[in-house]
Structures are given as C-alpha cells and as structure tokens.
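Read the structure below first, then the notes.
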Amino acid sequence: MDRTGYRLAEIVARFGGRVDGDASTVVDQVATLDSARSKQIAFLANSKYRKQLETTRASAVIVAGADAAATAIPRIVCANPYSYFARLSAFLNPLPAFTAGIHPGAVIGAGAQISPTAHIAEQVSIGEGAVIGAGCVIMSGCSIGAHTTIGEGTRLYPRVVVYHDCVLGNNVIAHSGAVIGSDGFGMAWENGCWLKIPQIGRAIIGNDVEIGANTTIDRGALDDTVIEDDVKLDNQIQIAHNVRIGAHTAIAGCVGIAGSTTIGCYCRIGGSAGILGHLSIADGVEISSFTLISKSIREKGTYSGIYPFSEKDGWLKNASHLRHLDDMATRIRNLEKELEALKRRD
Amino acid sequence: MDRTGYRLAEIVARFGGRVDGDASTVVDQVATLDSARSKQIAFLANSKYRKQLETTRASAVIVAGADAAATAIPRIVCANPYSYFARLSAFLNPLPAFTAGIHPGAVIGAGAQISPTAHIAEQVSIGEGAVIGAGCVIMSGCSIGAHTTIGEGTRLYPRVVVYHDCVLGNNVIAHSGAVIGSDGFGMAWENGCWLKIPQIGRAIIGNDVEIGANTTIDRGALDDTVIEDDVKLDNQIQIAHNVRIGAHTAIAGCVGIAGSTTIGCYCRIGGSAGILGHLSIADGVEISSFTLISKSIREKGTYSGIYPFSEKDGWLKNASHLRHLDDMATRIRNLEKELEALKRRD
Amino acid sequence: MDRTGYRLAEIVARFGGRVDGDASTVVDQVATLDSARSKQIAFLANSKYRKQLETTRASAVIVAGADAAATAIPRIVCANPYSYFARLSAFLNPLPAFTAGIHPGAVIGAGAQISPTAHIAEQVSIGEGAVIGAGCVIMSGCSIGAHTTIGEGTRLYPRVVVYHDCVLGNNVIAHSGAVIGSDGFGMAWENGCWLKIPQIGRAIIGNDVEIGANTTIDRGALDDTVIEDDVKLDNQIQIAHNVRIGAHTAIAGCVGIAGSTTIGCYCRIGGSAGILGHLSIADGVEISSFTLISKSIREKGTYSGIYPFSEKDGWLKNASHLRHLDDMATRIRNLEKELEALKRRD
C-alpha cells in the first residue's frame, strides 16, 4: 500500500466506527468540507453544514449516524465526528521528533536533574535544582527558574518563562511568551508609598494543561496559584495570584481573572471576559464573552453581561438615557399611581 | 551647508510642497508645536490647534493651504501636513544601520537559506529550511521556526517568535514579544476530557504589515490565518485561528478577534474591542473602542456598544434598573393601553 | 537561639509595635490565618476576618490595636498590620543573591557601561552605549537597547526587552515578557496606504516602578512616554505612546491606556479598564474594573461603567430593550403629557 495515505478500512481498524461506501478509499490528510481536495478526509460535526456534503471535493468524510445517508461519498460513521477527526488528524500529523539531549548553547544550573530523554534546545536557561522529566521538549530561549519541577512529556515552545519553585505536570503545553510564576500584584499602602509584598507562593500547573501564547499565570502571594488537570487556556489570559481553576475548564483569549478567585471544574469562559477577585464560581458555569463577573456564582448555568452594539448614531441616542434610568423608573411609578388615582376618581 | 540640518528649500525639492517665508531656514528635527525648539520643524495637521502657531518656538512649520496665512513662521505648505511630516521625520531619523551577516551566537538550522544582506543577531534561532530574505533584520533572541519564509526588508525586534511553516511578506515589522503562528485554541470534548486538535494551517502575513509588541497571531486549524498587506496591528492584540484581515485595516491595542472571523479592508477597530468568531465584517467598517461585535456587519459605517461611565453612586443607582428593563417596557405598554381606555371612556 | 526563626521580641525591636503574650514565641515564616502552621505568623488586616483568629494554627499574629484583645495567641500589635506583614515577609524571605559580573554568554555592545556590582546573566544582549547601574540584576535572555540607561538596584526578570534610548530609574522591577520602549501606533493615511511615523520619543520609567509580566509601554512619538516614581503596573497592561502616569498610581491587569493620556498621582485603576487617548485624569481618581473612560475626569472620586451580568435568559430579555431606550423615554414623556391633559380636563 501507498504509505503516503491510509485506507478507510485501516482507519476504522485503528479508531473504530464503520465505513459506508468504498473502504479502500485512501486519504492522507484532514481538511474542512469547504477546502478539501482529493485524498483528503473532511468531517461533518454539525448537521447545519450538511449542505456542504453536496459540493465538497473530499475523497471521504467523517459523519455521525444521523448523517450517514446524507451523502454517497465514502464515509466513516461514528458517534462523535469532531473527536474522531481530532484523533485522526493527530495520527496523520505527528509532532516533529526532537532529539534527546542538551544543546551546548543551553545553560544548566548546578544540581538540575534533566531526563536523558528530554530535549533542551539552544539558548535555554535552566536554574539550579530544577527537574525536567522524561520526554520533555524545552524549545529555544525558554527560561526555567531554580527548583522548578516539570513532569513528563511537557512541551514548552520558544521563549516560555517559568519562574523559580513552580510545578508543571505531565503533558503540559505552553506556547511562546507564556509566563508562569511571575510575582502577583501585591502591595501595602504605607505613608503615601507602596510597599511590595513578597510573593512566596508557587504556581502549580496540573497534567494535560495547555497554556496559550503570552498568557500569564502569577505565583501565589502566600499560598499557591493552582491550575488543575486538563484546563485549557487560550492566548493572552491573565491569571492573578492565588486563583484556582478546576479541572477541564476552558478559557478563551484575553480573559482576566483577579486574585484569589476560585473557578470550578467544567466551566467555559468566553473571550475578553473578566472575573473580579475573591469570588467563587460553581462547576459547569458558562460565561459569555466580554462579561464582567462581579459576584460569586453558586449555580451551574450561562451568564452574560454584554452591552449590545449598534450603528453609532443609534447607540448615542439610546445610551444617553442610561444615566437617567433611575429617573425613568420613578416616572413610570408616578404615572402608574396617578393613573390609578384617576381611574378611582372616575 | 551645515549637514546637521536641511534648508526648507531642500526639503520641498525632495518632498514637494512650497515654502512661504524664508526658504533658507534650517531645520534638523521634527517636533510638536508645543515642544519644538529652535531648528525644529513642527506641523499643524488639525486646524483646531491653530492657536499653538502663536506660541510655538519652532523654526518652521508644515501647514495645509488653508492655514498658510495663519502664521508668519517660515512654513512648508502642502496638501497633507501629517503625511508630509511622516515622510520628513523618516528622512531626518533614519533607522540605525545593521551590518549584514550572521552573529556567531545565532543558531541556524540545516538547509536554512539566509540572504547575505540580512542581519541575524546574537541569540537568534532559525529552524531547518527557513528562508530569510534580503535586507531583513532579525534582532537578538528571535526564534524562527522550521520552513518559515520571510520576505525582503522585514524587521523583527528582539524576542519575536515565528512558529514553523509560516510566511511573512516584505517590509513587515514585528515588535518584541509578538508571537506568530502559535497553535489556535482548538479541541474536541470527548468522555469528559479535552482532545487537542492539531493546528496544521499556517499564519500568512502580507507585505508592509506592522505587528505590535506582545500581539499574538495563531496559525490556522486546517486552512490558514491570513493578514493581508498594509494591515497595522497595535500591541497586545489577539488574533485567533483562521481569521482573515483585509488590506489596510488598522486595529488598536488589546483587541481580541475570535476564530474564523473575516474582517474587510480599510476597517478601523478601536482599542479593547472584541469580535466574536465566525463573523464577517464589511470593508470600511469602524468599530468603537470597548465594543463587542456579536454578529456580522454587512454595511460600511461606525458601530458602538459602550456602557457610559459615570460617578460610581450614579452608576449604581442607574445600572440597578438594567435587570428590570423588560418590566419597565411592559409597564409603559400597560400605561399606554390604560390611558387609551380612559380617554375612550371619557 | 535557633537562627531558623525569630522571637517576637526581636521582631518588634526591628520593626516596631508591641508584643502582647509570650514575646519569646519563635516564628520563621509568614502565612494567612487560614493556612498558617506552627512557627508561622499570620496577620489580621481587616476586622471582618476576625473570626479566623479562633481557628488559626498560627503561632503568632499581627493585629491592629482594635483587635489586640480578640485573641490570646501571642501577637504583635501595630498601627498597620498589612504593611507590617509586608516588611516582615521581606525580612524572612530575602531575595536570592545574584553574584556580580557578566556571564560569558551575554553579548555586550561597544561602549556599554556596566557597574561591576551588576549581575548580567546568560543570553542577555546589551546594546552599544547602554548604562547599567550598581546592583542591577539582568536575568537570562533580557535585551537592552543601545544607549538605554538603567539606574541602581533595578531587577529585570528573564526575557524583558527594553528598546534603545530609554531610561529606567532605581529599584525598578520588570517581570518577564515586559516590553518597554516599543514603537507607538502612529501612522498617517496617504493615498490609500498607511505611512509609518517614526517614533523618536523615549520611554522614561521612574524609581520604584514595578512592571508586570507581558506589560507593554510604548516609547513616545515625538515627546516621551513617562511613568513616574512608585507607579505599580500589573500584568498585560498596554500603555500607548506619550502617556504620562503620575507617581504612586496603581493599575491592575489587562488595562489599556491610549495615546497622549495623562493620569494623575495616587490613582487606582481596576482590571481590564480602558482609557481613551488625549484625556486627562485627575489625581486620586479610582476607576472600576471593566470601565471605559471616554472623557477627561477633573474631580477626585470613583467612576464606573459596568454592564451588570445576569443569568443569560434574563440578560437577553432585558438587553433587547437597550436599542429602544430613546423610544421608551419618548413614550414616558408622552404619557406624562397626556395624563396631565386628562387631569386638566376633569
């Protein structure tokens, strides 16, 4: 067989599901329905795009049972086409191999323990007593602070900084520019000046956490900042000191979370949302983009606080009343009273 | 002539316009009307600052025809004083020269093609098969991924990261901490855990694009993320996977753009605005700062969605009614009906 | 005495206050009331947490006079327990020592003046003519531009970038990924294209300023961007060109400040707030999180502009009326008129 691709029969043997249509169809890459070319396999994860099955040039598609009859294209039928596609894509697009060993241009502190199977690239700095686990890939220009411990299979893209005394779990991914364990924003006001409060807690990152580019996670002031297993953080998120984020929670880009807030498991937080400090967010909460959460949320559910946009003239005309809502409410109450009096008088 | 400066006559010979007043006046630097000193040339780009002509100590000014008679200071009269000033400033403040060649402390991957006229500074890492064009300046600590291609005259400030397989055009400028081509935020939910979706698209950056400090541009999930020619991005902008931004669009700081959104040409987006995913924004759209765009915009125009600030007590009093607007609307409708009934009864 | 800790008597001899209870009690670390263990000293900075005094396992506590009788635990009584704690924590948690000298892997430009007591780590790049003062700590991978001057005792964490010709004062702290002196977002529109305006001002950072991780401070376009003494900036803040921030002002994470705005002294700005350009904010102003300041503030006070969040269904129902507020106001006015007419008629 041509090893530049795989037959559908081989794919279902590996990943499950069944083939409808020609099981000897060969594919070598995943693609969207819209842009797929010959020898590519697309997926239909949402029935509302079913019409694209009619026009796609994909050689094969991945569909749910409900969509199996919607096309004659050779197809893999499975329970969850989107995760099936994810697994197949990972198989067809393996990560580049990084050779084990320490580049001579890396600088390694005294007492650091680096697994012989780890890859330490050029321009990396690893502090005293740090521990780097098996199979880790630490790319060019990363800086790992003293006594920080990193588990197995963790991958730091170029220019990630982890401060001293932090802990990263297994199979963590951190993208370029991420900063983990920087000082929290803590100071006391004394005699007209700020006095810095040493930030002596740690940042603890669980297993299977992904951290986006230029995301920042501060270390704790006294106790630790904790990101639990399988948390997914997009780019440019700011997580302040002593925040705790529960397992499997996903947070989109540009979110800011203030100090000492606790977020539950299985939460989903939209882009550019904000959460004030010292709050508690229940498990399973969804927060809309651009929403500020200003008090704790005790119940699972979806929460929003977005000012709707409109054409600027309309916005100006309407928004000018926001400073008079209290007056409007009073006038409505007065109208109701007067009307009631009038009706009684009649 | 004193080569520490230029006579107005020389300047108009080079850049056009005419001189009113003494054309032998020498200037050696640009400045604002407010802070200009002797031998400096200021500009009046907006007639509302015309009063500053009376007090400026500039030796010369750049003005539009309409303002030519507003001062006796030697002046260059031209159609667009602001762009004239930009050109003159670039002439008076040339970029420092960077010597061609590769610093011995840089690490260059196998098969990389680096133009002999490019400058590759210390602590730079260039991946296998990357291509760096003529006249590029790659400053200290930049990391260029494998098989990434960079055109001519592009300038990367210290600590820029470009991931593998990306494309940057000619005369791109990227400021420190910018990250181009990081993984998009893509994962599938399966059995209570997240499954990473390989991000196999690229980030494609056109010619003459400027990218601000700590701005992040994710690579595409399957297809590419595309930033067209002459797009200008300020600092700390987040551009998610598969976004497309049309030519000549300018975006201010801290804006977040979610995945698969397409933005037209000639748009202007204010600071800290947000745009949700899978939307389409027409050419020539202006979006106010701090506005969330939650649906597609089909018409050129200016769009806003800002909650007006006020003194906190007033804000509290008014904002408390926002959770009762629907009730207020119902009560107004009821009042209208009852009043109508009352009037009919009379 | 056991040098792994200090008696309360020794502590008050050094930092003031008085001991109530056993002054020979030994402590070796600070902690929160909640998590303190034996030999740790906690603090009560806010009487509302007084109940925690009953359950804490701390060996000693720091309290204000008003709370001195609220516990029998050995205690230090002082005027400002929070700043007392800050000073004591700094004493118990001294910064790690960095040996003076220049790492052989650093690259130092011609004519740079580096104090013999400064620490210059590996992978640092220092430009021509730069000046690094006594006792500075420049950690791995920092890049300092040509002719930039840094005062005494300043500490740059790994991968900080300072562009050319900037000035940092004494005892500045900048965290990883901070970028100081990048080009402001300045361009002129000419014939359908953008023309870059050279950014020839500087970024001037005063003494005792702290700059958070991935915060960006642009250099001035013509005049300088200025951050005055004792300003405290959290992570991921964006400060545009020609901004001036007054002494002792503190700004929380993710704030964006547009160009040429002046902020007074002693201000406090909440997370993710925004301030438009060319505004002036008085001394002592407090701005709530997530608030956009769209005009100058002349009076000290607290200012807010947050859309309150709610459960999504309720939000949808209420927010839909925001585009009809002007209509609602008109209808209320009409109702008032008609009711008045009706009353007059009776």
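Chains F, H and S, in that order, give the protein sequences.
All letters in the first sequence, in the order written, are residues 1 to 346 by my numbering.
All letters in the second sequence, in the order written, are residues 347 to 692 by my numbering.
All letters in the third sequence, in the order written, are residues 693 to 1038 by my numbering.
Built from N, CA and C at the ideal position, the CB exists for glycine as well.
Got a sec: is the Cβ-Cβ distance from residue i to anything in chain F below 7 Å?
{"i": "residue 453(H)", "result": "yes"}
{"i": "residue 998(S)", "result": "yes"}
{"i": "residue 712(S)", "result": "no"}
{"i": "residue 959(S)", "result": "no"}
{"i": "residue 698(S)", "result": "no"}
Hey, is residue i's beta-carbon within less than 7 Å of any beta-carbon in chain H?
{"i": "residue 849(S)", "result": "no"}
{"i": "residue 136(F)", "result": "no"}
{"i": "residue 942(S)", "result": "no"}
{"i": "residue 818(S)", "result": "no"}
{"i": "residue 853(S)", "result": "yes"}
{"i": "residue 882(S)", "result": "yes"}
For residue i, which of the options has the nearest alpha-carbon?
{"i": "residue 81(F)", "options": "73(F), 330(F) and 67(F)", "result": "67(F)"}
{"i": "residue 557(H)", "options": "583(H), 541(H) and 566(H)", "result": "583(H)"}
{"i": "residue 578(H)", "options": "955(S), 877(S) and 957(S)", "result": "877(S)"}
{"i": "residue 900(S)", "options": "745(S), 1010(S) and 843(S)", "result": "843(S)"}
{"i": "residue 573(H)", "options": "424(H), 566(H), 550(H) and 560(H)", "result": "550(H)"}
{"i": "residue 818(S)", "options": "800(S), 812(S), 1006(S) and 893(S)", "result": "800(S)"}
{"i": "residue 55(F)", "options": "33(F), 43(F), 167(F) and 64(F)", "result": "33(F)"}
{"i": "residue 881(S)", "options": "623(H), 475(H) and 433(H)", "result": "433(H)"}
{"i": "residue 950(S)", "options": "697(S), 965(S) and 941(S)", "result": "965(S)"}
{"i": "residue 524(H)", "options": "488(H), 515(H), 540(H) and 516(H)", "result": "488(H)"}
{"i": "residue 1003(S)", "options": "243(F), 288(F) and 241(F)", "result": "288(F)"}
{"i": "residue 695(H)", "options": "187(F), 156(F) and 165(F)", "result": "Outside the shown range of chain H (347 to 692) lies residue 695(H), about which nothing can therefore be said."}
{"i": "residue 169(F)", "options": "229(F), 317(F) and 51(F)", "result": "229(F)"}
{"i": "residue 520(H)", "options": "678(H), 533(H) and 499(H)", "result": "499(H)"}
{"i": "residue 267(F)", "options": "70(F), 300(F) and 44(F)", "result": "300(F)"}
{"i": "residue 191(F)", "options": "775(S), 727(S) and 1001(S)", "result": "775(S)"}
{"i": "residue 284(F)", "options": "329(F), 248(F) and 112(F)", "result": "248(F)"}
How many angstroms separate the CA atom of residue i from the CA atom of residue j?
{"i": "residue 448(H)", "j": "residue 486(H)", "result": "11 Å"}
{"i": "residue 450(H)", "j": "residue 468(H)", "result": "7 Å"}
{"i": "residue 948(S)", "j": "residue 581(H)", "result": "10 Å"}
{"i": "residue 291(F)", "j": "residue 999(S)", "result": "8 Å"}
{"i": "residue 383(H)", "j": "residue 377(H)", "result": "8 Å"}
{"i": "residue 148(F)", "j": "residue 49(F)", "result": "47 Å"}
{"i": "residue 972(S)", "j": "residue 322(F)", "result": "24 Å"}
{"i": "residue 479(H)", "j": "residue 783(S)", "result": "54 Å"}
{"i": "residue 136(F)", "j": "residue 906(S)", "result": "25 Å"}
{"i": "residue 19(F)", "j": "residue 61(F)", "result": "10 Å"}
{"i": "residue 374(H)", "j": "residue 816(S)", "result": "35 Å"}
{"i": "residue 749(S)", "j": "residue 474(H)", "result": "58 Å"}
{"i": "residue 715(S)", "j": "residue 739(S)", "result": "23 Å"}
{"i": "residue 276(F)", "j": "residue 244(F)", "result": "13 Å"}
{"i": "residue 360(H)", "j": "residue 812(S)", "result": "46 Å"}
Compare the C-beta of residue i against all C-beta atoms of chain S and say whether one is closer than 7 Å.
{"i": "residue 459(H)", "result": "no"}
{"i": "residue 200(F)", "result": "yes"}
{"i": "residue 498(H)", "result": "no"}
{"i": "residue 143(F)", "result": "yes"}
{"i": "residue 193(F)", "result": "yes"}
{"i": "residue 344(F)", "result": "no"}
{"i": "residue 270(F)", "result": "no"}
{"i": "residue 185(F)", "result": "yes"}
{"i": "residue 258(F)", "result": "yes"}
Pull out every residue of the stretch 897-930 of chain S whose Cβ sits closer than 8 Å to any Cβ of chain H, in chain order.
906, 908, 910, 914, 915, 928 and 930
Closer than 9 Å between beta carbons: that is the criterion. Which residues of the stretch 316-339 of chain F meet it against chain S?
317, 318, 319, 320, 321, 322, 324, 325, 328, 331, 332, 334, 335, 338 and 339
Beta strand (DSSP E) runs wholly inside the stretch 501-556 of chain H, at least 3 long, in chain order:
525-528, 533-536, 539-542 and 549-551
Going along the chain, which residues of the stretch 275-304 of chain F sit with their C-beta nearer than 7 Å to a C-beta in chain H?
289 and 290
Residue ranges of each beta strand (DSSP E) run of no fewer than 3 residues wholly in the stretch 75-104 of chain F, ordered along the chain?
List check, beta strand (DSSP E) in window: 75-77.
Please list the segments of the beta strand (DSSP E) lying wholly inside the stretch 957-999 of chain S, counting only runs of 3 or more residues, in order along the chain.
977-979 and 993-996
Which residues, taken in chain order from the stretch 21-51 of chain F, show a beta carbon closer than 7 Å to some beta carbon of chain H?
Against chain H - using a Cβ distance shorter than 7 Å - the residues of the stretch 21-51 of chain F are 30, 31, 32 and 35.
Which residues, taken in chain order from the stretch 514-527 of chain H, show a beta carbon closer than 7 Å to some beta carbon of chain F?
523 and 525
Completely contained beta strand (DSSP E) runs for the stretch 354-430 of chain H, where each covers 3 or more residues:
364-366, 386-389, 406-410 and 421-424
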